[in-house]
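Following the working numbering, the numbering of the sequence shown begins with -17 at its first residue and continues without gaps.
Glycine residues also receive a C-beta, built at the ideal position from the N, C-alpha and C atoms.
What follows is one structure encoded as structure tokens, with my remarks underneath.
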Amino acid sequence: MSKNWRPLQVALRNALGSAVRFDAAHKSVYASDASNYRQVPIGVVVPRSLDEFAKGVAICHENRVPLLARGAGTSMSGQTVNDAVVFDLSVSCNRIVEINPTSKTALVEPGVVCDSLRSAAERHGLTFAPDPSTHSRCTLGGMIGNNSCGAHSVMAGKTLENVRALEVMTYDGERFWVGPTTEEEIEAIILAGGRKGQIYRDLRDLRDRYADRIRKRFPSIKRRVSGFNLDQLLPENGFNLARALVGTEGTCALVLRASVDLVTSPQYRVLLVLGFDDIYVAADAVPDYERFRPIAIEGLDRMIIRGLQARDLAQAEIDLLPAGDAWVVLEFGADSESQAIEQAERAAAFFRARPFGPRPSTKIVPDRIMQKRIWSIRENGASATQLSIDPEIPDPQVGWEDAAVDPHRLGDYLRAFDALVKRYGYRTSLFGHFGDGCVHARITFDLRSKPGVDKFRNFVREAAELVVAFGGSLSGEHGDGQAKGEFLPIMFGDELVEAMRRFKRIWNPDGLLNPGKVVDAYRVDENLRAGPDYKVVPITTHMTFRSREGDGFQRAVERCVGMGKCRAAKGGIMCPSFRATGEERYSTRGRARLLWEMLQGDVVRDGWKSEAVKEALDTCLSCKGCRSDCPTHTDMASYKAEFLSRYYEHRSRPRQAWSMGRIGDWAPLAAAMPRLTNFMTNAPVLASFSKWVAGVAPDRDLPKFAATGFRRAFEADQTAASRGKPPVLLWLDTFCDNFQPEVAEAAVAVLRDAGFEPVLPKRRICCGRPLYDFGYLDLAKGRLQEIIEVLSPVLEAERERPVGIVGLEPGCLSVFKDELPKLFPDDPRAQRISRSVFLLGDFLLAHGYEPPRLDIDVLVHTHCHQKSLFGNRGDTAMLERAGARATWLDGGCCGMAGSFGFNPNHARLSRDVTELVLAPEVRKQPPGTVILTNGFSCREQVKHMTGRTAMHLAQVLAMGLPRRVDAIERPQQGESASPSTIENVV
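As structure tokens, then:
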């Protein structure tokens, strides 16, 4: 719309203050969801309470403005984007008001995340049964809007079957509870009059008029998600207005609170994975699966598996599957592990000796960690393969995504559907909820050309006709939105669609709640996000963005397909800034959307100079979590570095860029005068001035320089050097050299104990890790060029060639694995250096090191870059071999993130990130527990936030060596060593 919305914005801001955001950044991040559609909102409101939400709705009603209530924005049919005021209820309207274990119910606000409710319910041995693959971030309000399902709907049904009552608000402000209603109650409500009485009267009349038609035409299948649930108005269903509103996608009324059912959660679960020759015979076997009453029946075809393999993804998880070209995962649940295993074994025995039909391969998986890894294929595989690696084949799309039929007809339907796909020349993957007859598909629609869009439209119409011919539903999980709403007459007929239109009008006569979705929907080919008008922008970049999915910065930004895993509150690394703030624009997805809009130039119009993009990227901690955790490997740290390099071409960088970004330049100079430098940076008055000059937060303590740097001491004292041992090049980073040389000293002792002689590069060289945080890509490339020139001759030498490069600081080592290949993609010397680099634990594991025994408890926080690029395998093995009792935190970033936490503008966010997991867990530990983290910034953050001193893996392993570690009287590998105590090492 081109209307002037300034008066609306003023009215909303006067009432709601900072909750109102009409800026380009917020419009950009809320313009898209996980579907093919894009609609730029009028503005965004993030209410801090349900009362604020009600005030905002009233102002929109007064101004006759369309509005959309939104949760996580993971919808695939376009129902969470609109030309409307978008109210994001996920940030603050997310309280679990009550869990009643006696009645097995919960009372929740609409912004509650599915997993949050499930976790709270599990404390009482209960769960909320519907669990879509986005369960870690989707909200109850969104699930009610879509009538979401998930893998365990065979256990307790769709969201509809699990909703008891809803507190709703109409567009004109009427608030009341709805649920099952007797005829007497209906009459009493009508007699009471008012808006509520009018709604009940009109709905009763609607029911009486269309009841016979509803009974005759509504499909009687488990997964009928398309259309409105008019059948819930029938007397046999108790005139249940709560369930009638489930699946209306916010087009009729707004949900304020929901009373939902909880079911008993089987405490022990076991998987049985079956491997078939193809997906069709796997689908034919649904009746056989049902006879064993599993709590989940999930199917998966070869296309996703082969797609993951072609991208070198998830091979360890794929190796867990039994032989086959299509797989079905059956989950069994019971009160004891033996009972669950017995159920799985009974089913496996049947299929191994199946009296008719193909006999699949079988694999029983009782281990919960292995189960989680298998489920990850199902939950993330489709998104991970949603970008084509063949330039001649369009990206697989979600345009026909979740049709459902009678499960007993699933095999025949899939054969007919596959024939339709092939007739159109498309390719597709097939996966989904076989126990409910719901199948997901990612189809290679060409949406970027007009002929391709016309072909897509024709296909969707034929696909709708096909599924209806099988007695099915256009949607079996993700709702109609815009993707299928246009074709509802094929499924229900014009008369029932008119009944749905009247149902909507009774609730929402103005038609301004999420208009253009479900009933009277936009055409399936309108509002396409990347349609024929999509701009392909040629861009020259410092970094080389190459991948199997295509090259270039724009293609890299397209990796984000909107599934929003970066919004998950727990597990993995991604995304610390979102977890601490709840702000969509501070998520990986939000930033990717901003960059996408920047390249298109419609909403963000100032390109690489954009302050909106700069502000969103400024809160990115460059943790690289999205590079590994995101199913599509969106790499925001690299995008941020590239953007900042452009942004600062015509701007001065902040003071932090000089003090922190270029620390590798000035630290060696300052280290030559450590007492003077420490006095200047830590004396009471001078410290404040020094922090101001450096742009450091006043409450931060600047790290102190060591009295003697490691390189200086190492080169001065070679008495402990062991001749004749294989050399290993120790990469000496700025922090271990100048601030914590004791870490490098411990590493030398451990490497010598492992049978190697550490050597240093012949001169001081720096990887330039902090430069990327400020967009110094030209300088960074110069540093790497110097490294290539210094290290290549060493690695190519015929004599005394080091067996590898061992580093201690994960942030510095990540440069060799990540930025080096991007800045020197065609230099074989750079590739060789990248392959030669190891973190200490990985190097020791690769060479079979057996560390001395340690009788200690260890709490381990893994540096983000280590998690993303190296993993924990080496560190885990070393601690296990040493006998240490290690507890590993799954808590993401420490919040310091290099220089990030020193910045005054980031100080609060840095603390908030730390308080998510790391700081509380450290405070819980008794004094004798060792806190282990390999990152210098992580150790600084632990000290700053908790007062505890954290150690590096090298220091922990060195605790088992004799206190005198000069490698002369030290026992060699294989000899016994008396373990030191914590006290005489720290």
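Residue i in three-state terms, based on DSSP
i	result
Q420	Looking at the sequence shown, residue 420 is not Gln but Cys. C420 falls in the strand class under three-state DSSP.
R146	strand
Y19	strand
L733	helix
P902	helix
V252	strand
R567	helix
A386	strand
I279	strand
D839	strand
F333	helix
V268	helix
M927	helix
E791	coil
V543	coil
M482	helix
P709	strand
D400	helix
R443	helix
A7	helix
D1033	With the chain covering -17 to 968 only, the question about residue 1033 has no answer from this structure.
P433	helix
F258	strand
L510	strand
D70	strand
Own chain partners of residue i with C-beta closer than 8 Å, once the 5 adjacent residues on each side are dropped
i	result
R46	D492, L494
V899	L871, D872, G873, G874
L766	C749, G750, V797, E801, L802, L805, F806, A812
E447	I472
L577	V539, V595, Y621, F625
H632	K591
6 Å Cβ shell around residue i - same chain, five flanking residues per side excluded
i	result
R946	In this predicted model, R946 has a pLDDT of only 36, less than 50, meaning its place in the structure is not dependable; the value taken from the coordinates is given anyway. Contacts found: none.
A278	A133, H134, E313
E68	Just to set this straight, residue 68 is Val in the shown sequence, not Glu. So the qualifying residues of the chain are Y12, P23, V26, L50, R52.
M927	T896, A901
A619	S604, K606
K204	D418
Q214	N222, R225, A226
Endpoints, beta strand (DSSP E) assigned at residue i
i	result
F314	308 to 316
S498	At residue 498 the sequence reads Gly, which differs from the Ser that was named. Run containing G498: none; DSSP gives neither H nor E here.
N887	It is not in any beta strand (DSSP E) - N887 carries neither H nor E in the DSSP assignment.
V80	In the sequence on display, residue 80 carries Glu and not Val. It spans 78 to 82 - the beta strand (DSSP E) in which E80 sits, taken as one unbroken run.
T344	343 to 347
L50	49 to 52
S411	410 to 415
R273	Unbroken run through R273: none, as it is neither H nor E.
Same chain only: Cβ atoms within 7 Å of residue i, ignoring 5 sequence neighbours per side
i	result
K707	G737, F738, E739
T246	G107, L108
G371	It should be pointed out that residue 371 corresponds to Ile in this sequence rather than to Gly. A292, R293, R530, E531.
L429	N18, Q379, V435, F438, L510, A512, G513
K596	Y629
H829	A736
Supposed close pair residue i, residue j - CB separation, criterion 8 Å
i	j	result
L238	R157	7 Å
K744	V772	7 Å
C920	H845	6 Å
E791	F918	6 Å
R571	C602	Actually they do not touch by this definition, with Cβ atoms about 12 Å apart.
Residue i, enclosing alpha helix (DSSP H) - first and last residue
i	result
F527	First-last for F527: undefined, no H or E at that position.
R(-12)	-12 to -2
L290	284 to 292
Review point. What are the complete beta strand (DSSP E) segments, minimum 3 residues, inside the region 800 to 859?
Key: For secondary structure counted as the beta strand (DSSP E) over 3 or more consecutive residues, the region 800 to 859 holds these complete runs in sequence order: 819 to 821, 839 to 842.
Alpha helix (DSSP H) runs contained entirely in the region 96 to 153, provided each spans 4 or more residues: If we require 4 residues or more, the alpha helix (DSSP H) runs fully inside the region 96 to 153 come out as 96 to 104, 122 to 128, 135 to 138.
Exercise for review: Starting from the N-terminal side, write out each stretch of the alpha helix (DSSP H) that is 4 residues or longer and does not extend beyond the region 187 to 241.
Suggested key: Within the region 187 to 241, the complete alpha helix (DSSP H) runs of at least 4 residues are 223 to 227.
Starting from the N-terminal side, write out each stretch of the alpha helix (DSSP H) that is 4 residues or longer and does not extend beyond the region 567 to 643. As far as the region 567 to 643 is concerned, its whole alpha helix (DSSP H) runs of at least 4 residues are 570 to 582, 593 to 600, 607 to 611, 618 to 629.
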